[in-house]
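Below: one structure, written as C-alpha cells.
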Ligand code: AP5
Ligand code: ZN
C-alpha cells in the first residue's frame, strides 16, 4: 500500500508509523527523521534545514521535494510506503502525485490522526528522543526505565529544539495554515480516512489498521 500519514505536530505520526508500517511490511519514511539525521551528520542539506526546523517553519519545497524524490526511488519503496510528514502543503501534494504517476502508481490512502490541541501540548512538552536512532518516548505517557537513557538502544535522550513551548505554538499555526488544506485536497479524491488518535498507542494502531483495510 501507498499511504500518507497526516496530523498536527505531536499527533503520534512517528509513533504510529512504525507499527502500521511493520504490520503492512512497508518502509516508514519520515521527512522529519530524514532531516534530523542530516542535521546530526552535519551534511549541507542538514545545515540548510536546521535553521527552518529550529524555528518551527517548513523547510523550502525545493529542498524537501528533492530529498523525497530520491527516497521514493529506492528499491524498498517500489511496492509501497508510509509517508510521515510529507506532503505538508498543497504544492508538495501535487508533486507527490506527479512522482507517483511517473512510477505508474498512485496513493491508496491518506490517514489523518486527530488529537485535541491541549493533549498535543502535553505530548510535545514531555517528548524525548534518542540521539542515535531517533526512538521516541514520553516522560509521563511512556517513561524510559532509566532517566535520560533510551530503552531501545541505550543512547542519550534529548528534547528537540522545536519542542519548546513558543515553537510548538508556531508549529501548530504553520500546520493550520499550510498543512490543513491538504485534508480537503485528499477528501475530494475520496482517499481520506480520519481516526481518533487519543487513548493507548496500541488502540490507536488497531483503529488505524481497521480504517485502512478498505483501501488495501
Ligand atoms: P516532523 O518531525 O515531521 O514534526 P511534526 O509533524 O511536527 O511531528 P512530530 O514529530 O512533532 O510529532 P508526531 O506526530 O510524529 O508525534 P510522535 O509520534 O513523536 O517535522 C519537524 C520539522 O521538519 C518541521 O517543523 C519542518 O521544519 C521539517 N519538515 C519535516 N517534513 C517537512 C516537509 N514535508 N516540508 C517542509 N518541512 C518539513 O508523538 C509525540 C509524543 O507523544 C511522543 O512523546 C510520544 O511518545 C507521545 N505519544 C504518541 N502517541 C501517544 C498516545 N497515544 N498517548 C500518549 N502519548 C502518545
Ligand atoms: Zn534509541
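In our numbering, the protein residues as written are 153 to 368.
Think of the CB as a built atom: it goes at the ideal place given N, C-alpha and C, for glycine as much as any other residue.
Everything numeric in this text was worked out from a predicted model, so none of it was measured.
Quiz item: Would you say residue 183 touches the ligand AP5, meaning its beta carbon is less than 7 Å from a heavy atom?
Solution: Taking the chain shown and counting its residues from 1, one reaches residue 183 at position 31. Result yes, Cβ under 7 Å from the ligand AP5.
Exercise. Would you decide whether residue 305 is buried or exposed? Buried here means 16 or more other CB atoms lie within 10 Å of its CB.
Key: Counting from one through the chain shown, the residue named residue 305 turns up at place 153. Answer is exposed; the Cβ neighbour count stays below 16.
Quiz item: Does any heavy atom of the ligand ZN sit closer than 7 Å to the C-beta of residue 209?
Solution: Residue numbering aside, residue 209 sits at position 57 when the chain shown is read from its first letter. Flag unset: Cβ of residue 209 not near the ligand ZN.
Exercise. Give a single yes or no on whether residue 279 has its beta carbon closer than 7 Å to a heavy atom of the ligand AP5.
Key: As a working note, residue 279 is residue 127 in the chain shown. True, at least one ligand heavy atom lies under 7 Å from that Cβ.
Exercise. Tell whether a beta-carbon distance below 8 Å holds between residue 350 and residue 267.
Key: As a first step, residue 350 must be located in the chain shown, where it is residue number 198. As a first step, residue 267 must be located in the chain shown, where it is residue number 115. Contact: yes.
Practice problem: Please write down, chain order preserved, every residue whose beta carbon lies under 6 Å from a heavy atom of the ligand ZN. | Solution: 282, 284, 285, 287, 302, 304, 305, 307
Quiz item: Do you know how far the Cα of residue 203 is from the Cα of residue 191?
Solution: Position 39 of the chain shown, counted from the start, is the residue given in the question as residue 191. Position 51 of the chain shown, counted from the start, is the residue given in the question as residue 203. Spanning the alpha carbons of residue 191 and residue 203 requires a straight line of approximately 10 Å.
Exercise. Leaving out five residues on either side along the sequence, give the residues of the same chain with a beta carbon under 8 Å from the beta carbon of residue 292.
Key: Start at 1 with the first residue of the chain shown, and residue 292 comes out as number 140. Shown here for residue 292: same chain residues with a beta carbon closer than 8 Å to its own, the five before and five after excluded, namely 274, 278 in chain order.
Quiz item: What does a CB cutoff of less than 6 Å around residue 285 pick up in its chain, not counting 5 residues either side in sequence?
Solution: Position 133 of the chain shown, counting from 1, holds the residue named residue 285. 305, listed in sequence order.
Quiz item: Are the CB atoms of residue 276 and residue 326 nearer to each other than 8 Å?
Solution: Residue mapping note: residue 276 aligns to position 124 of the chain shown, counting from 1. Residue mapping note: residue 326 aligns to position 174 of the chain shown, counting from 1. Not a contact, by the Cβ cut-off of 8 Å.
Exercise. Classify residue 284 as helix, strand or coil using the three-state DSSP reduction.
Key: Residue 284 sits at position 132 when you count from the first residue of the chain shown. Three-state result, residue 284: coil.
Quiz prompt | Selection from 244, 316, 315 that minimises the alpha carbon distance to residue 334 | solution = On the chain shown, residue 334 is found 182 positions in, with the first residue counted as 1. Here the closest residue by C-alpha is 244.
Practice problem: State the start and end residues of the unbroken beta strand (DSSP E) segment that holds residue 264. | Solution: For the purposes of this step, residue 264 is identified with residue 112 of the chain shown, where counting begins at 1. Looking at the DSSP string, the run of the beta strand (DSSP E) that includes residue 264 is 261-266.
Quiz prompt | Contact belief for residue 236 with residue 176 at Cβ below 8 Å, rounded distance in angstroms | solution = Locating residue 236 in the chain shown gives position 84, counting from the first residue. Locating residue 176 in the chain shown gives position 24, counting from the first residue. Actually they are not in contact, since the Cβ atoms of residue 236 and residue 176 sit about 13 Å apart, beyond 8 Å.
Quiz item: Between 282, 247, 208, 270, which lies nearest to residue 259 when the distance is taken from Cα to Cα?
Solution: The residue given as residue 259 occupies position 107 in the chain shown. Measuring from the Cα of residue 259, the nearest candidate turns out to be 247.
Exercise. Indicate the three-state DSSP secondary structure (helix, strand or coil) for residue 233 in the structure shown.
Key: The residue given as residue 233 occupies position 81 in the chain shown. If DSSP states are grouped into helix, strand and coil, residue 233 belongs with the strands.
Self-check item: Local conformation of residue 210 per DSSP, three classes
Solution: In the chain shown, the residue the question calls residue 210 occupies position 58. Coil.
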